[in-house]
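> Got a structure here, written out as structure tokens. Questions coming.
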Amino acid sequence: MVNIIDRRRNPKGKSLANRQRFLRRAKRQVVDAVNEASGKRKVADVAGGEKITIPTDGLHEPVFRKSAEHGVREHVLPGNKEYVVGDTIPRPPAGSGGGSQASPSGEGEDEFTFTVSRDEFLDLFFEGLELPNMAKSQVKKSDQFTQQRAGYAVSGSPSNLNVERTMRNSLSRRIALRRPKGNEIRALEEEIDRLERSGSDPERLRELIDQLRLKKERSRSIPYIDPVDIRYNRFTQVRKPVTQAVMFCLMDVSGSMSEEMKGLAKRFFMLLYLFLERRYRYVDIVFIRHTHIAQEVDEDTFFYSRETGGTLVSPALRMMGDIVAERYPVADWNIYAAQASDGDNTPADNPHANELIRNVILPLCQHFAYIEVGLAGHSVRLPSDLWRLYEKVSHGQAPLAMRKVRTQGDIFPVFRDLFTPAELKG
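Quick note: the sequence shown, position 72, residue 68 per this note's numbering, numbers continuous.
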């Protein structure tokens, strides 16, 4: 029987084993609470973790209890003046035994509240989501290295000691040098002790004593483990091909986009930003905002600038194509794009947008997600020009996904729908 005791310290920032077991056990309640929390606060705050409250009845372990309505019971009723042995006691009516009056001594349990860490929250928040077709990799500009085993070394850090190889070398050396075994020495000592007690065969006794002395001297001169036996695991750094992606975020900030609609679009892109930052280490994000002109901007300008103007979609698509040609070779980069708009576009610009989305943008992309934002409570209007345009393109099996968003509560379901792999949707 082998007893293994794990004395490794808990890694910094990681949960204890019992905490992880608890999260697995209460996963359904935690996921529901996480989804509810995502609709109540700013998405920019998602990365900070969340205080989760779940009902206590979701934490109770299953137990066996006696049925309150079936079975045979024996009761001792002190002070009985009404029944004798053999009498049948009527069952109390259903619902009796409770009361509607307040009690000064009642007890109960509050809901259970605990805080999940940033990593735990985001793991649950983005569980099951994935960017599709993350396939291309490039090696030329790879700056990522990984540790790879490269045999053994005679020196190194104690943490890299290879116990198995060390003991194998020790055993080989002891066998080759014929180091006496412990059981051989013990057998000689027992035989000597027996002869000394019996007092017979003194010549044999002297012979055994000499053999024991020689074996002990040889055992001391040949150590069990010698420095020449010790081997350390040797590692070397090797270049690792990097699978890299770039995400283009396109948003209409024209005058037709109200602040509420811009807020919905910003919320979607914030989720997307957190998702990419969490899921992939090597991801570039390009922010393009457009009115009648397109601009590549930084994150703060993209989310918080208040500029407005006319509505032209083609400049943003054209700028995306130019940036890809200049900075992101298609052979090396996985290219994704997400566009948020209210669907309005200058009619004269629709042919240009159609040409660009069909012949320039979609051939470059692994996936293109389009969300059309609107106002909650407003009557549903006819499909917008941009929606009809993209709908025709998507019917041709293009890598284009389209969804509509009206309220903040729609953002997370739509986000999950856009980035849940097809095999998991079924």
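Just so it is clear, CB atoms sit at the ideal spot from N, CA and C, and this is done for glycine as well. Being a predicted model, the structure only gives us computed values, none of them experimental.
Assuming Arg402 contacts Leu371 under a Cβ cut-off of 8 Å, what Cβ separation, rounded to an integer in Å, is found between them?
7 Å
> Using a Cβ-Cβ cutoff of less than 8 Å, which residues in the same chain neighbour Phe231 once the five nearest sequence positions on both sides are dropped?
Gln143, Gln144, Arg145, Ala146, Asn156
> Could you pull the start and end residues of the beta strand (DSSP E) that Gln404 belongs to?
Segment 404 to 415 is the alpha helix (DSSP H) holding Gln404; no beta strand (DSSP E) there.
> Within its chain, find whatever has a CB closer than 7 Å to the CB of Ile218; leave out the 5 residues flanking it on each side and keep chain order.
Excluding residues within five positions, the ones whose Cβ falls inside 7 Å are Arg170, Leu173, Arg175.
> Within 8 Å, do at least three Cβ pairs link the region 260 to 270 to the region 349 to 359?
no
> By DSSP, does Gly147 sit in helix, in strand, or in coil?
strand
> Could you tell me the alpha carbon to alpha carbon distance between Ala349 and Gln233, rounded to whole angstroms?
Going by C-alpha positions, Ala349 is about 48 Å away from Gln233.
> With Arg182 as the anchor, note down where its beta strand (DSSP E) starts and where it stops.
It is not in any beta strand (DSSP E) - Arg182 instead sits in the alpha helix (DSSP H) that spans 178 to 194.
> How many angstroms separate the CA atom of Lys212 from the CA atom of Pro154?
31 Å
> Suppose you measure from the CA of Asp413 to the CA of Met163; what does that come to, to the nearest Å?
In this structure, the CA atom of Asp413 is about 55 Å from the CA atom of Met163.
> Over what stretch of residues does the beta strand (DSSP E) that includes Arg285 continue unbroken?
Residues 279 to 286.
> Go ahead and label Tyr386 buried or exposed: buried means 16 or more other beta carbons lie within 10 angstroms of its beta carbon, across all protein chains shown.
Under this definition Tyr386 is a buried residue.
> With burial defined as no fewer than 16 other Cβ atoms inside 10 Å of the residue's Cβ, what is the status of Ser250: buried or exposed?
That one is buried.
> Look up Ser63 in the DSSP assignment and say whether it is helix, strand or coil.
coil
> Over what stretch of residues does the alpha helix (DSSP H) that includes Ala327 continue unbroken?
Neither: Ala327 is in no alpha helix (DSSP H) and is coded neither H nor E.
> Specify the secondary structure class of Thr84 as computed by DSSP and reduced to three states.
coil
> To the nearest angstrom, how far is it from the Cα of Leu268 to the Cα of Phe244?
Cα-Cα distance, rounded: 11 Å.
> For the beta strand (DSSP E) holding Glu292, just list the boundary residues, first then last.
290 to 293
> Looking at the strands, I want to know which residues DSSP matches up with Lys367.
Inspection of the sequence shows that residue 367 is occupied by Ile rather than by Lys. Partner(s): Ala336, Arg399.
> Please report the distance separating the alpha-carbon of Val410 from that of Pro347.
Roughly 28 Å separates the two Cα atoms.
> Once you ignore the five residues that flank Leu360 on each side, which residues in its own chain have a CB closer than 8 Å to its CB?
Excluding residues within five positions, the ones whose Cβ falls inside 8 Å are Gly317, Val320, Val326, Ile331.
> On the CB-based measure, 16 or more other CB atoms within 10 Å of its CB, does Met(-3) come out buried or exposed?
Annotation note: pLDDT 49 at Met(-3) (below 50); position unreliable, no value reported.
> With distance defined between alpha-carbon atoms, name the residue in Arg69, Tyr324, Lys258 nearest to Gln335.
Lys258
> For Asp222, which residues of its own chain have a beta-carbon under 8 Å away from its beta-carbon, when the five flanking residues on both sides are left out?
Ser166, Arg169
> Sort Pro86, Phe298, Asp248 by Cα distance to Val369 and report the nearest one.
Asp248
> Can you tell me where the alpha helix (DSSP H) with Met253 in it begins and where it stops?
Counting along the chain, Met253 falls outside any alpha helix (DSSP H), and DSSP gives it neither H nor E.
> Is the distance from the Cβ of Ala149 to the Cβ of Tyr220 below 8 Å?
no
> With the cut-off set at 8 Å, would you say Gly305 and Thr342 are in Cβ contact?
Against a cut-off of 8 Å, the Cβ pair of Thr342 and Gly305 comes out as no contact.
> With DSSP collapsed to three states, give me the class of Gln207.
helix
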